[in-house]
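J.:
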Amino acid sequence: MESELMCRFDRRDLVAFAVDFLPFGIAVVAGLIRSGLGLCLLGWFAYWIVFFFVWEARVLCSHCPYWAAEGRVLRCHANYGVIKIWKYRPGPMSKWEKAQFVPGVALFVGFPLVLLLAGGEYVLALVALAGAVSASFNLWRHSCSRCVNFSCPANHVPKQLVDAYLRRNPVMRAAWEATGYRLGD
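For the sequence shown, my numbering begins at 1 and goes up steadily by one.
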């Protein structure tokens, strides 16, 4: 199971996650500066802090087994360094939490793309869009298929692996079963 899931933090997964994001991030920063909208980066960076350190940490990360690990700082492939201000919630995300997460990610990607278009940076907007699509595909293929935060809307770990993991994690299993989840045979 450990070879099929991200059961333990591995720096290589973190580096891959960061590298996937670079084309999008570089195109956005360069485009906003070139277009004279560099001050808008402050708004985008402020959104980063609120989204990743507060909002996403609450609705997504606090459900992840990595959140239960010792220490006040999250060590995972996606949100390494987030301070754990919320308590660990081993059950799956609620529908309301999922409904918040998806638009939150869309705003993170969409806001700078709209600004790039408004600033006339069409080529860099296209590069940023291609970078976002490429990063999403790579995450979907290499991370979301192995991530132990099973209730994330992007997670697509097969049910038999989810069930095997839950059988080895009694706290998480009990929380999932309390919401109606049933293990397969």
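Note that CB positions come from ideal geometry on N, CA and C, so glycine has one too.
Since the model is a prediction, treat every value here as computed from it, not as a measurement.
1. Quick check: the Cα distance between P112 and R8, rounded to an integer number of angstroms?
2. Quick check on this structure: which residue in W176, L161, L117 has the alpha carbon closest to the alpha carbon of L5?
3. Classify I26 as helix, strand or coil using the three-state DSSP reduction.
4. Flag this pair as yes or no: are the beta carbons of A57 and I85 separated by less than 8 Å?
5. Would you grab the beta carbon distance between S35 and G119 for me? Rounded to a whole angstrom, and I think it's under 8 Å.
6. Return the residue from the list W176, R146, G180, G71 that minimises the CA-CA distance to E2.
7. Going straight from the alpha carbon of G91 to that of P170, what length do you get?
8. Contact check, G31 vs A125 under 8 Å by CB: the rounded distance?
9. Is DSSP giving V162 helix, strand or coil here?
10. Pick helix, strand or coil for V148, following the three-state DSSP scheme.
11. For W140, which residues of its own chain have a beta-carbon under 8 Å away from its beta-carbon, when the five flanking residues on both sides are left out?
12. For R75 versus Y88, is the C-beta spacing smaller than 8 Å?
13. Would you check if the distance between the CB atom of L183 and the CB atom of R167 is smaller than 8 Å?
14. In this structure, does DSSP put V157 in helix, strand or coil?
15. Taking Cβ to Cβ, would you say V127 is nearer than 8 Å to A27?
16. Which value, in whole angstroms, describes the spacing of the CA atoms of E97 and Y80?
17. With a threshold of 16 other CB atoms inside 10 Å of the CB of W198, please say whether the residue is buried or exposed.
18. Which of the three DSSP states is assigned to I33 in this structure?
T.: So, from the listed chains and residues:
1. 33 Å
2. L161
3. helix
4. yes
5. 3 Å
6. R146
7. 11 Å
8. 7 Å
9. helix
10. coil
11. A154, H156
12. no
13. yes
14. coil
15. yes
16. 21 Å
17. What is shown of the chain runs 1 to 185, which leaves residue 198 out entirely.
18. helix
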